[in-house]
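*Asks:* Would you mind keeping the following structure in view while I ask a few things?
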Amino acid sequence: MYIILAAVAVFALAATFTIRQLLSPPRTPPDFTGPRPEIAENGYITHSEEIIIDMPLDQYLAWVETQPLEAGLTGQDDIPSVARTEIIQGTWHEVGARRMIVLSDGHYVAEEVLAENPNLFRYQVWGYTNYARFATDYAIGEFQREEVDGKTHIKWTYSYHKRSNLTGRFLESFVENSWGPYMRQYLQISKEQSEKDLKGA
673 MYIILAAVAV
683 FALAATFTIR
693 QLLSPPRTPP
703 DFTGPRPEIA
713 ENGYITHSEE
723 IIIDMPLDQY
733 LAWVETQPLE
743 AGLTGQDDIP
753 SVARTEIIQG
763 TWHEVGARRM
773 IVLSDGHYVA
783 EEVLAENPNL
793 FRYQVWGYTN
803 YARFATDYAI
813 GEFQREEVDG
823 KTHIKWTYSY
833 HKRSNLTGRF
843 LESFVENSWG
853 PYMRQYLQIS
863 KEQSEKDLKG
873 A
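Letter by letter, the sequence shown follows residues 673 to 873 in my numbering.
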């Protein structure tokens with residue numbers, strides 16, 4: 673009996689150690705210089721959020737270009753904030769530009785610009801080193817922007833590509849309960865800060 677209990681205890685400790693290793697941040701940043709994942713036509717979990725910002729589109733775009741990513745992606749209970757970004761290639765906001773995003777919990781992810789014009793900013797995110805890598809291999813983000821009656825209408829769509837139908841269930845729950853609210857939080861921060869900066873200009 674004692675031998676069995678001891679064996680179970682050893683197994684539990686080994687399993688805990690293995691899980692911690694799998695979820696721990698890497699000691700050194702990954703190499704994100706290789707090809708990005710090919711974009712599939714289907715297999716996505718998609719969510720969109722919209723907001724109206726009280727300023728013309730050209731003024732909003734000028735403001736966006738001055739804002740570091742960490743100013744808006746400030747994290748929440750189960751999502752780390754952005755600590756900083758590091759350019760890997762190109763000039764950010766230009767098609768083909770790539771950067772590494774360093775998260776506050778020590779994990780990393782890569783991001784590349786796919787399309788950029790006044791009405792559309794599209795990008796791909798991949799190379800997750802945190803638990804997300806078990807459920808998704810990449811995501812596609814898209815900001816659609818248009819001016820309506822002197823104000824800027826923004827629609828942010830985020831699409832996680834699921835690794836399997838099994839992980840798709842996890843992604844659906846994550847997007848509904850965590851990522852969707854986080855998207856709303858980011859848009860609200862952007863609205864409040866951009867309108868505040870415009871009034872102070």
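C-beta: ideal position from N, C-alpha, C; glycine also.
Here the structure is a predicted model, which is why all the values come from computation and not from measurement.
Out of Leu786, Pro728, Phe704 and Leu741, state which residue places its alpha-carbon closest to the alpha-carbon of Tyr858.
*Replies:* Considering only alpha carbons, the answer is Leu741.
*Asks:* Closest to Arg699 by CA distance: which of Arg856, Asn802 and Ile723 is it?
*Replies:* Among Arg856, Asn802 and Ile723, the Cα nearest to that of Arg699 is on Asn802.
*Asks:* Mind pulling the beta strand (DSSP E) runs of 3 or more residues that sit fully within the stretch 750–838?
*Replies:* Within the stretch 750–838, the complete beta strand (DSSP E) runs of at least 3 residues are 754–761, 770–775, 780–789, 792–798, 808–820 and 823–834.
*Asks:* Give the straight-line distance between the Cα atoms of Tyr800 and Ser696, rounded to the nearest whole angstrom.
*Replies:* Answer to the nearest angstrom: the Cα atoms are 12 angstroms apart.
*Asks:* Identify, in the order they occur along the chain, each residue of the same chain with its Cβ nearer than 7 angstroms to the Cβ of His848, setting aside the five sequence neighbours on each side.
*Replies:* Just to set this straight, residue 848 is Glu in the shown sequence, not His. No residues qualify anywhere along the chain.
*Asks:* How is Ser720 classed by DSSP in three states: helix, strand or coil?
*Replies:* Reduced to three states, the DSSP call for Ser720 is strand.
*Asks:* Pairs of beta-carbons, one from the stretch 752–766 and one from the stretch 858–873, closer than 8 angstroms: are there three or more?
*Replies:* No contact exists between the stretch 752–766 and the stretch 858–873.
*Asks:* Pull up the distance between the alpha-carbon of Gly852 and that of Ile725, whole angstroms please.
*Replies:* Going by the C-alpha atoms only, they are around 19 angstroms apart.
*Asks:* What residues in its chain sit with their C-beta under 7 angstroms from that of Pro709, if we drop five residues either side in the sequence?
*Replies:* Within the same chain, Pro709 has close Cβ partners Trp798, Asp809 and Tyr810.
*Asks:* If we ignore side chains and look at the alpha-carbon of each, how far apart do Met772 and Thr829 end up?
*Replies:* If you take the alpha carbons of Met772 and Thr829, they lie about 21 angstroms apart.
*Asks:* Figure out for me which residue from Leu792, Arg841, Glu867 and Gly744 has the closest Cα to the Cα of Ala804.
*Replies:* That would be Arg841, whose Cα lies nearest to the Cα of Ala804.
*Asks:* Going by beta carbon distance, what residues of the same chain come within less than 7 angstroms of Tyr854, once the five residues before and after it are set aside?
*Replies:* Taken in chain order, the residues that qualify are Gln748 and Ile751.
*Asks:* Would you decide whether Glu758 is buried or exposed? Buried here means 16 or more other CB atoms lie within 10 Å of its CB.
*Replies:* Classification of Glu758: exposed, given that the 10 Å Cβ count is below 16.
*Asks:* Within 10 angstroms of the Cβ of Thr718, are there 16 or more other Cβ atoms? Answer buried if so, exposed if not.
*Replies:* By the neighbour-count rule (16 or more Cβ atoms within 10 Å), Thr718 is not buried but exposed.
*Asks:* If you reduce the DSSP assignment to three classes, tell me which class Ile711 lands in.
*Replies:* If DSSP states are grouped into helix, strand and coil, Ile711 belongs with coil.
*Asks:* Tell me the residue span of the alpha helix (DSSP H) that contains Gln748.
*Replies:* Neither: Gln748 is in no alpha helix (DSSP H) and is coded neither H nor E.
*Asks:* Just the Cα atoms here: how many angstroms apart are Tyr832 and Lys868?
*Replies:* In a straight line, the C-alpha of Tyr832 is about 32 angstroms away from that of Lys868.
*Asks:* Find the nearest neighbour of Glu713 within the set Thr839, Asn837, Gly768 and Ile812, judged by alpha-carbon distance.
*Replies:* Ranking the options by Cα distance to Glu713, first place goes to Ile812.
*Asks:* Can you tell me where the alpha helix (DSSP H) with Trp735 in it begins and where it stops?
*Replies:* Residues Leu729 to Val736.
*Asks:* For the alpha helix (DSSP H) that Gly852 lies in, which residues bound it at each end?
*Replies:* Segment Gly852 to Gly872, the alpha helix (DSSP H) holding Gly852.
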